[in-house]
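Single-structure report; data block below.
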Amino acid sequence: MLLLSIPSVALLFIIVLVNFIAWWSLKKHLVAVVAPFLLIRNARRAILAPLLNAHADFGATQHHYTMKIPHTRREFLSSSAAAALAGSLFGPMGSASTNVQSGASVGHSSAGGSSAAPRRIIIDTDPGVDDAMAIFLALRSPELKVEAITAVSGNVPLELTLPNALRLAEIAGRTDIPIAGGASVPLVRRLITAKYVHGNNGLGGVDFPKPHLKPLGETATQLISRIVRANPGEITIVAVGPLTNIGTLLRSDPEIARMIPQIVIMGGSLSGGNITPAAEFNLYVDPEAARIVFDSGIPVTMVGLDVTEKVLLREEHIVMLERAQNPVSQAAGKIMRATLNRAHTGIDRTVIAMHDPLTVASLIDPQLLKLQDYYVEVETEGGFTAGMTVGYAHAPVRPSAPLATATASQPEPDTSFHPNARVAVGVEPDRFFKLLMSRLTS
Ligand code: BDR
Ligand code: CA
Numbered sequence: 148m149l150l151l152s153i154p155s156v157a158l159l160f161i162i163v164l165v166n167f168i169a170w171w172s173l174k175k176h177l178v179a180v181v182a183p184f185l186l187i188r189n190a191r192r193a194i195l196a197p198l199l200n201a202h203a204d205f206g207a208t209q210h211h212y213t214m215k216i217p218h219t220r221r222e223f224l225s226s227s228a229a230a231a232l233a234g235s236l237f238g239p240m241g242s243a244s245t246n247v248q249s250g251a252s253v254g255h256s257s258a259g260g261s262s263a264a265p266r267r268i269i270i271d272t273d274p275g276v277d278d279a280m281a282i283f284l285a286l287r288s289p290e291l292k293v294e295a296i297t298a299v300s301g302n303v304p305l306e307l308t309l310p311n312a313l314r315l316a317e318i319a320g321r322t323d324i325p326i327a328g329g330a331s332v333p334l335v336r337r338l339i340t341a342k343y344v345h346g347n348n349g350l351g352g353v354d355f356p357k358p359h360l361k362p363l364g365e366t367a368t369q370l371i372s373r374i375v376r377a378n379p380g381e382i383t384i385v386a387v388g389p390l391t392n393i394g395t396l397l398r399s400d401p402e403i404a405r406m407i408p409q410i411v412i413m414g415g416s417l418s419g420g421n422i423t424p425a426a427e428f429n430l431y432v433d434p435e436a437a438r439i440v441f442d443s444g445i446p447v448t449m450v451g452l453d454v455t456e457k458v459l460l461r462e463e464h465i466v467m468l469e470r471a472q473n474p475v476s477q478a479a480g481k482i483m484r485a486t487l488n489r490a491h492t493g494i495d496r497t498v499i500a501m502h503d504p505l506t507v508a509s510l511i512d513p514q515l516l517k518l519q520d521y522y523v524e525v526e527t528e529g530g531f532t533a534g535m536t537v538g539y540a541h542a543p544v545r546p547s548a549p550l551a552t553a554t555a556s557q558p559e560p561d562t563s564f565h566p567n568a569r570v571a572v573g574v575e576p577d578r579f580f581k582l583l584m585s586r587l588t589s
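Here the sequence shown is numbered in my numbering, starting from 148 and rising by one per residue.
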């Protein structure tokens with residue numbers, strides 16, 4: 148018995164030894180393979196953190212951080228310059244994120260493409276025909292990592308925008324994206340919708356199947372708050388509907404503003420409105436929420452009608468979408484065909500303006516828009532002008548003259564200039580359509 152077990156023990160010893168040697172050499176190889184990636188990643192972080200002036204300094208427990216987000220004009224401008232420099236070093240917008248996009252189509256090499264780490268965004272939206280195009284564009288662009296989609300009332304009520312958001316993510320094959328519903332009415336006003344542009348269902352009247360995907364149990368503001376707080380300084384908000392969800396979040400939690408490095412909004416105009424002569428639709432629906440956003444200290448990029456009405460979808464684009472054989476281009480083709488048909492029946496031709504996709508595209512290809520610093524006030528009192536964005540290109544910021552009956556004297560206007568937004572004032576339409584078409588039809 149004892150004699151029999153000696154060879155067995157020896158054999159066992161040899162097996163253990165061989166396994167140990169194999170494990171040891173594999174480990175060395177793994178280190179050799181992984182080390183350069185870690186080195187590059189850490190070097191990038193070390194360079195980008197001071198450049199972007201927005202970093203999280205995690206304490207021993209990793210529960211405490213300190214962050215610096217630019218709030219003064221000088222900080223904002225130097226941060227923009229740093230972002231531009233970082234952008235030229237590391238790709239669009241100098242994203243400091245190292246996360247890899249999950250499940251998205253990757254490897255597009257068309258206009259604006261880049262191999263840099265994707266920028267992490269949350270899309271707040273009211274789909275909406277152009278919202279649909281914007282969501283598709285974001286979900287098919289490797290430069291962006293969509294962390295969540297939140298729905299708000301706007302073009303149509305929330306009962307429709309939320310299922311539309313679920314439907315669109317499902318069509319794009321992105322059932323991994325968390326989606327939550329938010330505000331059903333503006334902060335203090337009655338809801339005005341734009342069914343006359345977006346059709347009764349918000350998708351041009353095109354009948355898509357009921358989505359299987361379900362929204363999260365939490366609200367839009369809870370979801371945004373959770374993601375932003377877990378990733379301070381990392382998440383850009385892209386808001387392409389009325390700003391009720393973001394206004395609600397900032398009103399209940401003003402501190403969170405310091406954790407949001409940028410909000411890019413489709414909304415406003417320096418050159419007249421589209422729903423009234425003064426106001427653009429998103430700002431018109433909830434001017435009070437917009438005012439909270441512009442006053443929040445978050446660096447705002449305003450992509451308004453000044454540029455979005457210069458990117459008008461044409462018949463040839465719709466044909467390209469219809470010809471391409473993928474579910475996204477097919478759905479986009481149907482929605483835009485229905486919208487164009489509606490436009491032919493008398494509605495203003497700017498209904499086919501790619502407002503929301505241009506806003507998303509500006510994050511994919513920063514060269515698309517020319518931006519200028521402005522101090523933007525949102526009109527909330529006018530009987531005919533609520534939602535108007537009044538942009539001051541320089542100081543002084545002078546309000547309307549006080550009424551003769553006013554008791555308090557009006558202070559002298561501040562002569563120093565404090566911009567609160569970068570406003571899009573120029574666009575390259577052909578470059579935009581090249582990007583949009585390539586992403587949706589590939
Ligand atoms: C904006 O209003 C909505 O109708 C569009 O989706 C876009 O967000 C344009 O004024
Ligand atoms: Ca919209």
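From the three backbone atoms N, C-alpha and C, an ideal C-beta is built for every residue, glycine too.
Residue i versus the options, residue with shortest Cα-Cα distance
i: Y522; options: K357, S416 and T340; result: S416
i: A540; options: E559, A548, A568 and G534; result: A568
i: L518; options: A571, A551 and P546; result: A571
i: I384; options: T506, L516 and L459; result: T506
i: G538; options: L468, I339 and G451; result: G451
i: G364; options: L397, G329, L396 and I382; result: G329
i: S331; options: S589, E463, T272 and I422; result: T272
i: D278; options: G414, D577 and V447; result: G414
i: V411; options: R398, V299 and P513; result: P513
i: P401; options: G419, P389, T368 and T423; result: T368
i: Y343; options: A490, R337, R438 and R336; result: A490
i: D577; options: R376, V458, R336 and L338; result: V458
Enclosing beta strand (DSSP E) for residue i [first to last residue]
i: E524; result: L516 to V525
i: D433; result: That residue, D433, is in no beta strand (DSSP E); it is neither H nor E in DSSP.
i: D271; result: R266 to T272
i: K292; result: L291 to A298
i: V411; result: I410 to M413
i: T383; result: T383 to A386
i: V344; result: Note, V344: premise wrong, no beta strand (DSSP E); alpha helix (DSSP H) at K342 to H345.
i: I403; result: Careful: I403 lies outside any beta strand (DSSP E) and carries neither H nor E.
i: V537; result: T536 to Y539
i: I326; result: I326 to G328
Opening and closing residue of the alpha helix (DSSP H) in which residue i lies
i: K634; result: Any question about residue 634 goes unanswered here, given that the chain covers just 148 to 589.
i: D277; result: V276 to L286
i: T308; result: L305 to I318
i: G394; result: T391 to S399
i: A377; result: A367 to A377
i: K470; result: The amino acid at residue 470 is misidentified as Lys; the sequence shows Arg. Where R470 is concerned, the enclosing alpha helix (DSSP H) stretches over E462 to R470.
i: T506; result: H502 to I511
i: T455; result: L452 to T455
Short Cβ contact (8 Å threshold) for residue i with residue j
i: L334; j: T297; result: no
i: A485; j: G346; result: yes
i: L583; j: P504; result: yes
i: L136; j: E575; result: Because the chain is modelled from 148 through 589, residue 136 falls outside the range shown and cannot be assessed.
i: E528; j: G534; result: no
i: A425; j: T532; result: yes
i: A281; j: V387; result: yes
i: S372; j: L397; result: no
i: L305; j: V299; result: yes
i: T448; j: Q409; result: yes
i: E463; j: G480; result: no
Sequence-distant residues of the same chain with beta carbon closer than 6 Å to residue i, five excluded per side
i: Q557; result: P549
i: T455; result: A500, H502 and L505
i: G351; result: V276, I482, A485 and T486
i: F580; result: none
i: R586; result: L284, R287 and S288
i: P434; result: V525, T527, A533 and G534
Same chain, Cβ closer than 7 Å to residue i, neighbours up to 5 away in sequence not counted
i: V293; result: I268, I270, A285, L286 and I324
i: A341; result: N302 and F428
i: T208; result: The predicted position of T208 is uncertain, since its pLDDT is 26 and thus under 50; a value taken from the coordinates is nonetheless stated next. The answer is none, since no qualifying residue turns up.
i: P358; result: P310, L313, R314 and E317
i: I374; result: I269, E294, A295 and I382
i: V475; result: F283, R287, I318, A319 and L587
i: M467; result: M584 and T588
i: T423; result: Y431 and F531
i: I194; result: Note on I194: pLDDT 38, under 50, position unreliable in the model; no value is reported.
i: A508; result: L284, L515, F579, L582 and L583
Close beta carbons around residue i, own chain, < 8 Å, minus the five adjacent residues each side
i: D354; result: N348
i: V561; result: Here residue 561 is Asp; the residue named in the question, Val, does not match the sequence. The residues are A542, P543 and V544.
i: I465; result: G480, M483, R484 and L487
i: S633; result: Residue 633 lies beyond the residue range present for the chain, which begins at 148 and ends at 589; the question has no answer from this structure.
For residue j and residue i, believed in contact at Cβ under 8 Å, the rounded distance
i: F621; j: A319; result: Since the first residue of the chain shown is 148 and the last is 589, residue 621 is not available in this structure.
i: V440; j: G394; result: 6 Å
i: T308; j: L360; result: The Cβ separation is near 14 Å, so there is no contact.
i: D520; j: P566; result: 4 Å
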